[in-house]
Structure formats: C-alpha cells, structure tokens
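K.L.:
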Amino acid sequence: MYEEVLKQFNRYMSHVLKYIGGNFLLYPVHGDGKQAFEPVSKEKQKEALDFIYAQATGMSEWLQDPKILRQFDPSNPLFNDLQAAYVRNLLGVYPKVGYTSRLSDDPYTVEEYIDDVYDLVFGKSIDGKTLTLSDRNMEYAFVYTLFNNLGMLKSPASEKKFASDDIFAYGMLAEDEDIWPCQHIGCGHTHNGQDNLTIARRESDIKIQGKSVFYSTLLKIQRIVNKRASSAKGEDKAHYKFLAHEINKELAE
242 MYEEVLKQFN
252 RYMSHVLKYI
262 GGNFLLYPVH
272 GDGKQAFEPV
282 SKEKQKEALD
292 FIYAQATGMS
302 EWLQDPKILR
312 QFDPSNPLFN
322 DLQAAYVRNL
332 LGVYPKVGYT
342 SRLSDDPYTV
352 EEYIDDVYDL
362 VFGKSIDGKT
372 LTLSDRNMEY
382 AFVYTLFNNL
392 GMLKSPASEK
402 KFASDDIFAY
412 GMLAEDEDIW
422 PCQHIGCGHT
432 HNGQDNLTIA
442 RRESDIKIQG
452 KSVFYSTLLK
462 IQRIVNKRAS
472 SAKGEDKAHY
482 KFLAHEINKE
492 LAE
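The working numbering numbers the first residue of the sequence shown as 242 and each following residue consecutively.
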C-alpha cells in the first residue's frame, strides 16, 4: 500500500512535468486553418517547475513518517533517491524547453529555465540560510547532474555515489524521452534521412546551448560553495567543503 501510494504520487508529478517544455496538441482537421499545437505558456511552465520542486522538497514530511517506516525492513530513506531523480529530470527536460521556446510568442528560454532551477535548488545557499537534509541532497544531485551533462564524470552518474535516479519505476518520465509537439502528425520521426538529419542538428544546437549554460551555472555554484565552506557550520560546512572539493577537482582536470 505504501509503495502504491508513492507510485501514484509520482504519476501525478509526471503529469505536471509534461507542462515544462510541453505543447497542447490541437488535432486540426484538414482545411479548418487551425494550428497543430500551441506551446505551453512561460507562466504555466514556471508554475509547473515551482510545484514539482515544492512537492519534492516536502516529501520527507510525509514519506519519512517513523510510524510507517517501522512496519518495514530497515533500509535507506527512499526520498533521498527520489529527490535526486526529480532534480535530474528537471534539468533533463531543457532540450524540450529550448525547442518550445522557439515556437512561443512569450518564450521560456533555456537560460531562464536552468537559472530558475538553480535558484530553487541553491536559493538557501545564495541567501546564507541553514540547509535541511533535503536541501543538501538536492544540491548534491544538481552538481552531479551538471557533471554528467558536461561529460566530466569518468563513469556513468548512476555508478557514482550519488542518489539513484531510477524513478521510472515510480511513474516519472525519462528526461531524455524524445517527444516532439507535432509527432501525432508524423513530424518527429520519419524514414526520410534528410528530416532525421534536420532533427539531429536542431537537438544538437539546443544541447550545445544547454552545455554552455550548465558550465556557467557550475562556475556560479563554485563561487557559492567556496564562500560558504568557510562560513557555514556543522553538517552544512561539511556539505559545502565536499561540493567545493568535487567542483574544484572537476574544473581543474
């Protein structure tokens, strides 16, 4: 029952995730003059991002109820893995955000989106506030997701000692799922080599753009954690010192 409730929760979260970089399919009839799809507004995408992050950070309040957990075998807290997975999925949908922004009258750009995720995850650190376990966990996941996207890891992220992103068993979408807003009319995948080449170039362009934003974001995080490593106390200090060590090491290579 406990796991089924969790799976249902994640299915709901996956529905919200679709709004980020998403499009409303209009299914036009030939000759009616209507467009095939309409990009989700920037405001609605931001609302979806805020909702997912708020729910992810608040998971420990209900998922970690000791009265419930004592009914099962002892194990590591599941919410740590799930929170890390949410961070990776939020960062992973940036190609969809970039593509949708090029079709929107009020675009939500890749730069804006990644910066908004960064502000949510590192907001307390930026303001010099004390972190919770959830805050530290999600900052850690954010940094390692940047490493992974920038090709800095010598082995897949899942083999490193950071929380598993195996959230798909709980109903979330894969962040690399190749969904095109007009795929229902056959524009996403065809047997035409030229069409596929065009799609590949378009994705590559957006992903190159994303990597440049990821790199500049990592430099911002480096400045923050180096500063906080000298001023924070207790668990936060150890957290910042470790992140500073990892970031400085990866950037030096």
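Even for Gly, the Cβ is constructed at its ideal location relative to N, Cα and C.
Determine the direct distance from the alpha carbon of Gln296 to that of Phe265, and round the result to whole angstroms.
P.N.:
24 Å
K.L.:
Pick helix, strand or coil for Pro336, following the three-state DSSP scheme.
P.N.:
helix
K.L.:
May I ask you to report which of helix, strand or coil DSSP gives Leu394?
P.N.:
coil
K.L.:
Give the DSSP bridge partners of Leu331, in chain order.
P.N.:
In DSSP, Leu331 forms no bridge with anything.
K.L.:
I need the straight-line Cα distance from Leu277 to Tyr268, nearest angstrom please.
P.N.:
A quick correction: the sequence has Ala, not Leu, at residue 277. In a straight line, the C-alpha of Ala277 is about 6 Å away from that of Tyr268.
K.L.:
According to the neighbour-count rule (16 or more other Cβ atoms, all chains shown, within 10 Å of its Cβ), is Arg469 buried or exposed?
P.N.:
buried
K.L.:
Taking buried to mean at least 16 other C-beta atoms within 10 Å of its own C-beta, is Thr341 buried or exposed?
P.N.:
buried
K.L.:
Quick one: measure Cβ to Cβ for Gln450 and Val351, integer angstroms, because I've assumed they're closer than 8 Å.
P.N.:
5 Å
K.L.:
Tell me the DSSP secondary structure of Glu494 in three-state form.
P.N.:
coil
K.L.:
Look at the Cβ atom of Asp357, then the Cβ atom of Leu290, and state whether they are nearer than 8 Å.
P.N.:
Yes, the Cβ-Cβ distance between Asp357 and Leu290 is below 8 Å.
K.L.:
Leaving out five residues on either side along the sequence, give the residues of the same chain with a beta carbon under 6 Å from the beta carbon of Phe292.
P.N.:
Same-chain partners within the cutoff: Val257.
K.L.:
According to DSSP, simplified to helix, strand and coil, what is Leu361?
P.N.:
Here Leu361 carries a helix assignment [DSSP, helix/strand/coil].
K.L.:
Answer yes or no: do His480 and Leu387 have a C-beta to C-beta separation smaller than 8 Å?
P.N.:
No; because the gap between Cβ atoms is not below 8 Å, this pair is not in contact.
K.L.:
Among the candidates Val281, Gly364, Leu331, whose CA atom is the shortest distance from the CA of Asp346?
P.N.:
That would be Val281, whose Cα lies nearest to the Cα of Asp346.
K.L.:
Could you pull out every residue in the same chain whose Cβ sits closer than 6 Å to the Cβ of Ile224, ignoring the five residues on either side in sequence?
P.N.:
The question about residue 224 has no answer here: the residues shown for the chain are numbered 242 through 494.
K.L.:
Exposed or buried, Tyr253, counting other C-beta atoms within 10 Å across all chains shown (16 or more means buried)?
P.N.:
Classification of Tyr253: exposed, given that the 10 Å Cβ count is below 16.
K.L.:
List the endpoints of the continuous alpha helix (DSSP H) containing Leu290.
P.N.:
283–298
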